[in-house]
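The structure under discussion appears below in the form of structure tokens.
Encoded structure:
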């Protein structure tokens, strides 16, 4: 197994406030990794840095041990194969579920290519397959805006998969889901892992447990502990700052 | 029916409506009034619209023209010159007016000109302008530069011994041309380059601190200095307020303005401005029976003794009376006949003289220099002995010096006396 | 091609076609002129406005770029054409100067400024009418979109752009005729601008240009690129994270739209016979936004209708109640915004029981 | 002017002169209205020469333009009283002739050159006047029109003068006379140093005339003094520019600050903002009209009375706009642009229909007119007060937003409407109040702007664009940003203007704003967020 993503001594501060503080993190290819931590631990900022939305002040972020992610923007990282799912589900509300997926398909993203794009048979097939996977095939023609919260979450995951990324960054997928949905989501993520590398940021302990994967605890922009869930939840400091007793 | 056909029929309706009014009762003569009633120029032009309505009303009381009653058709060109073009076409073609009184800015005139040419109608243009134009269908009842700028400058040189000049104006064609002419004229009179300061400001310029202090600076060089202002109406109030506050009194640096009349002053406390000058062909304060009568009826019409009269209103007064005379002379409102009849027409102006329409479609005017009084009026301190004929082409601009305009003899607005040709024939 | 013509577009184009045939015929062929030249000129003008509105709808309705400076592109196109018409006057100017336009002569320009060269060729002028606005849009957009200026901030700097251009064109030193702009045009390609035939011809051209503009816009918006644009409008950063370079897409559509506006301006000028810096005034650009919103944002056809309706309303109001027409116009705007959020088209279609156009996500302007 | 008749007249005058000299003040005064301005100048000189103590009064009245001749009995009278109802009293006997019809008397005309003569004459007569203010005026007029004849007169006056200020003025006047006349080199060098200390442009003018003096010493001294003065004035020039910039900035601030709330804080693209400013200005006008007609005594208080009214009028209309229109449009900011634009059109037309399309006169109360010299730079009172006013408004606004419960609620609502609502804040009411506050402040701006600009229906249009520029440049939603934005733009503009001229300066500032926004897409004082804005 080789290293998919490597953060080394990354620092980032906003107007004096240190959001990320000497953060180092390694994620193996195909790994499923959960990141937990209290609010303001720097989880979102970390995602922003990985996806090139935010530039670190210092430190390096390596992709497949070679590509320096700090030099590329969101679109760039996305094209490298990093997909990101937001905490608040964001889909293209005024377009159909099908179009949402179609837009996300791994295709040439240049202006001209899109202008003259014609949908091929295999594209259609792939779309159908993805819709089935995220269980939205029956609403393919709906406006995405008309979907339920959970459905939007799924659609977004579907869009992620459509890009067929090497790495998925998933931000609190279980937020606002029913228990059933939550479990199904965990299930889905476990399926995906292996083929793809997956990093999940989550609060919901049951969900993390359901993922049954390696856990990294973030605190004040710094890695506090790492290991299995039981391991980290045994850690004094973690209990101190996070589990808050 | 689809929304589209709705729109189409809408147009049809409008067309008919406009057409029908045109076809309406033939015992009236329609007069178009083409002024801005909204937008930036409304400040100046609305008064002219009212003045026209008053004149028409009076004429009707006096029995109309050719036994027909006059019917004003008012439109708003909203200080939007392409719209002016559209409106001119509508007045002539759809409403079927026989003559149009209107426009204030040169751009308005320029934009409607082709319409009058094409549809062969008549426009009376009542505002002092830069000259350099003479068109068959247009009659210029305002002053051309030789009827305003040059006499005023002469006055300052003779009576105030001015040797140093600031030419301050709004950056558009009237000030540009006037200042070009004055520059040439002053240099003729031996004014040195360093004794001339020329400054242009945008429309509605409201922050005059820097420029006024520059003028103050320029004026403190030992020689008697005066400011010749071609600043456009709206920017004048802040300009004079700044002058007053920075304590530039007329005794130190008199300002002579060509675009400031009673109307503009009515927006000002003139106490600090007493003694500053303006050159016009009419002042409300001029004491003649005609003027008294005019002012009285204006006050009655507008219903307020606060309202003032000004030079462009007199221009409309003259233009309107001339048109009436010409129509009665021609016995018809047909454009060609009236255009032929107009040159040579004489009608009393409000300052005790007689205005004559010249072959170049400009008129003869007296020139007055007035000093601002604390009551917002002007007090005439100087006037030409006799009437000055309006000159379409300035003798002080190299290109236009050889040109003359004569629609009677030469039927040409820009006859070149050197090449003996009309325009580029 | 045909695939582009949905019901809405079809009806509009059909109507436009009827107009394109009926008006010239009624004006030229039939005796008694059932359609007076006045109406021809008027309609020609409206069609230019309509094309301009379509151009704005393309960027605003579909990509969420609210340009408060589209009047600038329109005016630049107009100036390019105006410069050609100026040159075409040739020695027929009042000073009979074969080279210099009148305003240059009496302001003592001794020679033609370099940027006036070439405009004696119609083709070149037409090219410039597209290229200049396009170039401005490209430079402006390249900066603005790359540095991710969005929402109100973008709107306001587009306004700053057109305002600055207005002030610049007011200056006589610029050599574009200052406040008066360019006027006294005589003819275009040898056809007198005062002839009914020329006017009818220009009207037909405007109609064709509008149709073409609509189809191009439709082609763009119904392609996958169009979907990307809508995606950008509704969730910009999501679109980035999927891997689209948002700035490139914005730039593309902004430039296309600017060129469309330029074309509209180029057709407008010969019909109204004047182009002056007033066209750059921020108020005019706001006017365009209002046409689009009133007609129905994000519907192309609606935008075109909005322009025609407002233009027509202005024409009628200014002659019916010249003193008070601003009340009527202002009232109209307020009424439409509150009671017809989908614009007139939205109203009509919901009346006819058709699905209203997808409501654009509201938020792109909040700071 | 008519040359021949003028010639004849002046000849006649010459022949006539000896008798004239013998004439009494009565005859001279009676002769005033006749002849040309030149003749009148001669008569005035003689009036001044009579030494009659009534002469001063005559000249002062003449200077004020109140000297007229009754058509009825051709007496020369002083006109006093208000506007249309004029009263006349005999200028010499003081006998009152009661009311005169508006065109029942004809004015004794004076033009600028006459005014100068009269002022000089009065000057010489009042050099020893008991009132120091009058003596000062006299000294200054002597300075402006130096006359070697007056040398010893001035010297005596200076010697006798007690008041230091007047003494200095007299010394300066004397210095000018000395430099103009042909006195000893020492005297001139002394005079030069006096001018050097005065150090203003007039002084420099006087000195530059002394540059080509025969005596090298004098010339050298003059040259040194001129150099000194010019150096000083360069420095003062900078100061002046800063001041102009601040003053322009204060105007921008006033115009923009209301918008900083309605647009910056509430996110309403309030195109009617300019018209709210205009309403403030018209309120001021209305108040002044009322005061003029009813209690003129209160005129100097007019602005203080107008300010709260303007706030209420504009604020009230603001609330009406918010309740009537804007509130249906929250979350649709672009629609607010549309609707408020419509409203602005209607407000313009409304004002045009009520007050008419032309400018209305709003006078400056005495404390806002004129200027004072700060070193070598002129500071006009109205601009100074406007600056103070702008800062005061800003401070109050800041206080309201930060320290009052309503301010707290406003911030709460704008930050999280739903949450605020849940906490029992009547969001609708708060919205109305917030919008009303912004509108009211716009009204206050109108009161100030009425002092320096047109009061016309277009007033608003001329400020709306600038206002938006300022708010956006400063960073929407940040009041401090608006402050910084206004002043930096103002000063930038004023430093550019001398080099580029007004138009280009403005263009450059706009271009600068465009480029600046590239650098900081959220304005000067941007609120930086780190969450993904999906």
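Residue numbers (this note's numbering), protein chains in the order written: chain A, 1 to 245; chain B, 1001 to 1425; chain C, 2001 to 2367; chain D, 3001 to 3534.
Yeah, the Cβ is synthetic: ideal placement off N, Cα and C, and Gly gets one too.
Reference residue i, options the options, closest by Cα
{"i": "residue 77 of chain A", "options": "A:166, A:174, A:241, A:136", "result": "A:166"}
{"i": "residue 106 of chain A", "options": "A:61, A:161, A:203, A:5", "result": "A:161"}
{"i": "residue 73 of chain A", "options": "A:51, A:88, A:85, A:93", "result": "A:51"}
{"i": "residue 2372 of chain C", "options": "C:2236, C:2322, C:2217", "result": "Shown here, chain C extends from 2001 to 2367; a query on residue 2372 of chain C therefore has no answer."}
{"i": "residue 2211 of chain C", "options": "C:2049, C:2024, C:2032", "result": "C:2049"}
{"i": "residue 1322 of chain B", "options": "B:1357, B:1033, B:1300", "result": "B:1357"}
{"i": "residue 3263 of chain D", "options": "C:2289, C:2151, C:2020", "result": "C:2151"}
{"i": "residue 3505 of chain D", "options": "B:1159, B:1045, B:1207, B:1071", "result": "B:1207"}
{"i": "residue 2259 of chain C", "options": "C:2119, C:2200, C:2221, C:2136", "result": "C:2136"}
{"i": "residue 3040 of chain D", "options": "D:3078, D:3056, D:3491, D:3113", "result": "D:3113"}
{"i": "residue 3162 of chain D", "options": "D:3285, D:3208, D:3128", "result": "D:3128"}
{"i": "residue 201 of chain A", "options": "A:20, A:8, A:39, A:7", "result": "A:39"}
Other residues of its chain near residue i: CB distance less than 7 Å, five sequence neighbours each side excluded
{"i": "residue 3323 of chain D", "result": "3432"}
{"i": "residue 2297 of chain C", "result": "2057, 2060, 2061, 2343, 2360"}
{"i": "residue 3428 of chain D", "result": "3327"}
{"i": "residue 1133 of chain B", "result": "1392"}
{"i": "residue 1022 of chain B", "result": "Confidence is the limiting factor: at residue 1022 of chain B the pLDDT is only 44, short of 50, which leaves the residue's position unreliable and the question unanswerable from this model."}
Sequence-distant residues of its chain with Cβ nearer than 8 Å to residue i (five each side left out)
{"i": "residue 3177 of chain D", "result": "3142, 3146, 3147, 3148, 3150, 3151, 3154"}
Continuous alpha helix (DSSP H) stretch holding residue i: start and end
{"i": "residue 1179 of chain B", "result": "1173-1188"}
{"i": "residue 3317 of chain D", "result": "3302-3324"}
{"i": "residue 1369 of chain B", "result": "Unbroken run through residue 1369 of chain B is the beta strand (DSSP E), 1368-1372; no alpha helix (DSSP H)."}
{"i": "residue 3197 of chain D", "result": "3185-3198"}
{"i": "residue 2084 of chain C", "result": "2070-2089"}
{"i": "residue 2314 of chain C", "result": "2301-2320"}
{"i": "residue 1291 of chain B", "result": "1289-1302"}
{"i": "residue 3274 of chain D", "result": "3273-3293"}
Segment limits, beta strand (DSSP E) that includes residue i
{"i": "residue 21 of chain A", "result": "17-28"}
{"i": "residue 2130 of chain C", "result": "No beta strand (DSSP E) holds residue 2130 of chain C; the alpha helix (DSSP H) holding it covers 2122-2146."}
{"i": "residue 177 of chain A", "result": "Premise fails: residue 177 of chain A is in no beta strand (DSSP E) and is neither H nor E."}
{"i": "residue 219 of chain A", "result": "214-219"}
{"i": "residue 3377 of chain D", "result": "3377-3380"}
{"i": "residue 1348 of chain B", "result": "1346-1348"}
{"i": "residue 1380 of chain B", "result": "1378-1383"}
Residues near residue i in its chain [Cβ-Cβ closer than 6 Å; skip 5 each side]
{"i": "residue 1265 of chain B", "result": "1376"}
{"i": "residue 3448 of chain D", "result": "3254, 3386, 3389"}
Next item on the list: Report yes or no: do three or more beta-carbon pairs, one from the stretch 59-66 of chain A and one from the stretch 143-161 of chain A, lie closer than 8 Å?
Entry: no
Check: Can we say the stretch 3261-3277 of chain D touches the stretch 3416-3423 of chain D, given the rule of at least three CB pairs closer than 8 Å?
Finding: no
Next item on the list: Kindly confirm or deny that the stretch 2250-2260 of chain C and the stretch 2028-2044 of chain C touch, where touching means at least three C-beta pairs closer than 8 Å.
Entry: no
Next item on the list: Could I get the ranges of all uninterrupted beta strand (DSSP E) runs contained in the stretch 1066-1149 of chain B, with 3 residues as the minimum, in chain order?
Entry: 1069-1076, 1099-1102, 1123-1125, 1138-1140
Note to self: Could you tell me which whole alpha helix (DSSP H) segments of length 4 or greater appear in the stretch 81-152 of chain A?
What the structure shows: 97-104, 111-115, 121-133
Notebook entry, point to check: Does the pairing of the stretch 3326-3338 of chain D with the stretch 3446-3464 of chain D give three or more beta-carbon distances under 8 Å?
Noted result: no
Next item on the list: Kindly confirm or deny that the stretch 1066-1074 of chain B and the stretch 1108-1115 of chain B touch, where touching means at least three C-beta pairs closer than 8 Å.
Entry: no
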